[in-house]
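Heads up: the structure comes next, in structure tokens.
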Amino acid sequence: MTSDDSALRVRGLARRYGSRAAVDNLDLDVRPGDLYGFLGPNGAGKTTAIRCILGLIRRDAGSVEIFGDADSVTQRTGVGAMVETPRFHEWLSGRANLEVAAAYAGRGDAAEIDRALDRVGLTARKGDKVKGYSLGMKQRLGIARALVGQPRLLVLDEPTNGLDPRGMREVRDLLVELARRDNLTVFVSSHLLSEVEAMCNRVGIIDKGVLKAEGRMDELLARASGRREVEIEVDDRANAVRALAGIPGAEIVADGADGRICVALEQMDAAGLNRALVLAGVGVGGLIPRTGSLEELFLSVTSAEPGVEERA
Ligand SMILES: Nc1ncnc2c1ncn2[C@@H]1O[C@H](COP(=O)(O)OP(=O)(O)OP(=O)(O)O)[C@@H](O)[C@H]1O
Ligand SMILES: [Mg+2]
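So the sequence shown is numbered by the numbering used here: it starts at 359 and just counts up by one.
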């Protein structure tokens, strides 16, 4: 990939806290026009990676290129960001907050500030003190602040955090519009699969600081369903586990409900699995193929254990 078709290119990004790797050798490729979902469970390293990408914290290793620019100072001019819950001067109005931020960043004029507030639907309340804003309004004000300065890349860390379903929907629609209509590249982190599945065209899944999957949403979904999963009901679990160990490409991924076993298959279909089990002397009472989805993929590539903090 040349720098022309890269909006954000991260290579070998690493960040440790003490002896724990919060982000480990992370590569990311975001293309211009992408609405890229950066998915991972709590503690996966999303915020840490984003802080490193934005130059807000030091990275231990790795490189970050934004639209081909590797210079951490100049690349910032093209980026608007919101990391975690945005903080404001509570006693100033929403608009005054953006004026302060624009002056501090040295970019964005009055007209642009009004445009940004309009873009997020805050025009009617822009003169009110932030103190009286709801969480959703603060979140939208944070996005407006990220929009001032005409960024080409928006980096948003869990922008729907704490919002009610309507607020989440509004933010999602806004991001889709910003990507489609305003031609912005949007990199958005989330731990909500349904949200990412509903709005993103590309996705990266991170777990314990490591990238587990990256690609186009449709391809990942196809891959998720391509790895067939079947839930089986057997008369003798121990015997079934033994038999499964001898079947190439078969892997027990989870224990299903009611003593069922969930098996992922690579080379074999459900009927083939049935035959193989019966031949091994396992009584198969039921066999339910499961359809793929982003959730299946997410669960199959991320681990059930808590994040790195639990790993001494
Ligand atoms: N300032 C810090 N000092 C020590 N450890 C930290 C610090 N910030 C993050 N970590 C650790 O780094 C790991 C990744 O945290 P991070 O906040 O990046 O995860 P996240 O994916 O953003 O999680 P969440 O979905 O909860 O926001 C965690 O184990 C966390 O405890
Ligand atoms: Mg976070």
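Built from N, CA and C at the ideal position, the CB exists for glycine as well.
Going by CA-CA distance only, name the one from the options that's closest to residue i.
i      : options                        : result
Val388 : Arg453, Met526, Val368, Asn519 : Val368
Val568 : Arg373, Asp363, Leu366         : Arg373
Tyr394 : Ser661, Arg586, Ser547         : Ser547
Ser573 : Leu386, Val381, Lys496         : Here the sequence assigns Gly to residue 573, which means Ser is not the residue at that position. Ranking Leu386, Val381, Lys496 by Cα distance to Gly573 puts Leu386 first.
Asp709 : Cys558, Leu505, Arg510, Leu511 : Nothing can be reported for residue 709: it is not among the residues displayed for the chain, which extend from 359 to 670.
Arg538 : Asp363, Gly391, Ser364         : Gly391
Gln497 : Ala419, Ile605, Val441         : Val441
Pro517 : Phe545, Leu655, Val506, Tyr491 : Phe545
Leu384 : Ile411, Leu493, Gly604         : Ile411
Glu555 : Leu652, Leu493, Leu371         : Leu652
Tyr491 : Thr432, Leu521, Ala460, Ala407 : Leu521
Any idea what DSSP makes of residue i, helix, strand or coil?
i      : result
Gly490 : helix
Phe396 : strand
Cys558 : coil
Ile415 : coil
Ala612 : strand
Asp570 : Here residue 570 is Lys; the residue named in the question, Asp, does not match the sequence. Correct three-state label for Lys570: strand.
Phe367 : Residue identity differs from the one stated: residue 367 is Arg in this sequence, not Phe. Of the three classes helix, strand and coil, the one that applies to Arg367 here is strand, per DSSP.
Ile408 : helix
Gly643 : strand
Ile605 : coil
Glu516 : coil
Thr435 : helix
Gly665 : At Gly665, the pLDDT of 45 sits below 50, so the modelled position is not reliable; the number obtained from the coordinates is stated separately. Residue state, collapsed to three classes: coil.
Gly403 : coil
Hey, residue i and residue j are a contact pair by Cβ (cut 8 Å); roughly how many whole angstroms apart?
i      : j      : result
Leu397 : His549 : 7 Å
Ala502 : Val478 : 5 Å
Glu624 : Gly607 : 3 Å
Hey, quick one: how far does the alpha helix (DSSP H) through residue i stretch, first residue to last?
i      : result
Val529 : 523-538
Lys454 : First, the amino acid is wrong: residue 454 is Ala here, not Lys. 452-463 is the extent of the alpha helix (DSSP H) around Ala454.
How about residue i: is its Cβ closer than 8 Å to a heavy atom in ligand 4?
i      : result
Thr443 : Summarising the ligand content, the structure contains ligand 1 and ligand 2 and does not contain ligand 4.
Inset, instruction - Flag this pair as touching only if the segment 439-459 and the segment 363-382 have three or more C-beta atom pairs under 8 Å; answer yes or no. - result: no
Legend entry - the segment 591-610 in contact with the segment 431-441 per 3-pair CB rule at 8 Å: no
Inset, instruction - Could you tell me whether the segment 634-641 touches the segment 595-605, where touching means 3 or more Cβ pairs closer than 8 Å? - result: yes
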